[in-house]
Amino acid sequence: MKKLLVLSAAILFAFTMNAQKFGVKAGYNMSGYLINFYSPDGSKMSTGFNFGLVGEYPVNDMMSLRADVTFNQLGSDFDSKNNSDEDWAYRPLGMEYNYKQNINYLQIGISPKFSFGPVYAFVGPYFSYALSASQTGTWEGTSLAGYPVAGTGTVDLFSDPNTTYAPFPWNLTEAYSDTNNEGGKGDLYNKMDVGFNLGLGANFSGVFVELNAGMGLMNFINTGSTNYVAAGYTTKDDKTVAITGDASQKNIYFGLSVGYLLGGK
């Protein structure tokens, strides 16, 4: 699948290089997750960046076919200090923690673009492959013996077998990770994503500014083909928390980009 995506990116790169209109773009992202199996009240939109190539083939005066090859940095921030009473805090040690996930995607997309004077809109599918993914966390609190403890750490979400603090209650994640990452395979998370991207922009003699939004359709959590249930976790309210094959965590993002398009508006 990775080879197929790289081949597709190469084809689209050739498309953009030979398009009647060719340009570059770069910008700023805000991203997060759509999650159905817990309520992360402490989650926040994460900041990232994007840059890439864009090419267009005009169909008529109002419509053109647009292709993008983009490096897209997505992820999310979580902070238990905003909801230290939630089930997913580090209860055994009274911990408060925050962490940031960064997922670096190679994204390709093809969209019909509709122009109304300098203003334009586009919508279409995208295909992404995660080139890398990391998670950096910090934590602080008091141990059971009453001593203050603190620390920081970074894990590779695709290669480290013990992803023990993201984004579930810590011992649930440990159980889930041990099952899916046996032998350090690093397959707890899915590298592929497919979704839709839409945007609105304005072009002024080749210089363009655009806003766009995207939503992934594929689950970032690789639950596999079975309805796997992780080990139980008892909260302070004696409620059992479990993660099943129905668990879903999908990308959502908003971007602001500027660029320059050779060939005019």
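Take 3 as the starting number for the sequence shown in our numbering and just add one per residue. By construction, the Cβ of each residue, glycine as well, lies at the ideal position given by its N, Cα and C atoms. The structure presented is a predicted model; accordingly, all values stated were derived computationally and were not measured.
Residue burial is scored here from C-beta neighbours: LEU264 has fewer than 16 other C-beta atoms within 10 angstroms and is therefore classed as exposed. Between the C-alpha atoms of THR154 and ASN192 there is a straight-line separation of about 25 Å. Counted as a single uninterrupted DSSP element, the beta strand (DSSP E) harbouring GLN251 occupies residues 251-264.
When secondary structure is reduced to three states using DSSP, GLN22 falls in the coil class, being assigned neither helix nor strand. Around the beta carbon of GLN103, 16 or more other beta carbons lie within 10 angstroms, which makes this residue buried.
Here SER259 is not near ALA69, since their CB atoms are 8 Å or more apart.
The beta carbon of VAL211 is closer than 7 Å to those of GLY203, ALA204 and VAL260 in its chain, skipping five residues each way along the sequence.
The continuous stretches of beta strand (DSSP E) do not include GLY119, and DSSP gives it neither H nor E.
Distance from the CA of PHE222 to the CA of GLY111, rounded to the nearest whole angstrom, comes to 19 Å. By the CB criterion at 8 Å, PRO127 and PHE198 fall inside the cutoff. Here PHE129 is buried. Its C-beta has 16 or more other C-beta atoms within 10 Å. Beyond the five residues adjoining it in sequence on each side, ASP79 comes within less than 6 Å, by CB distance, of LYS46, SER48 and LYS102 in the same chain, given in chain order. Per DSSP, the unbroken beta strand (DSSP E) holding GLY77 starts and ends at 65-81.
Going by DSSP, ASN221 is part of no beta strand (DSSP E) at all; its letter is neither H nor E. Sorting LYS23, PRO114, PHE160 and ILE254 by C-alpha distance to the C-alpha of LEU219 places ILE254 at the top. An exposed status is given to GLN22, since fewer than 16 other beta-carbon atoms sit within 10 Å of its beta-carbon.
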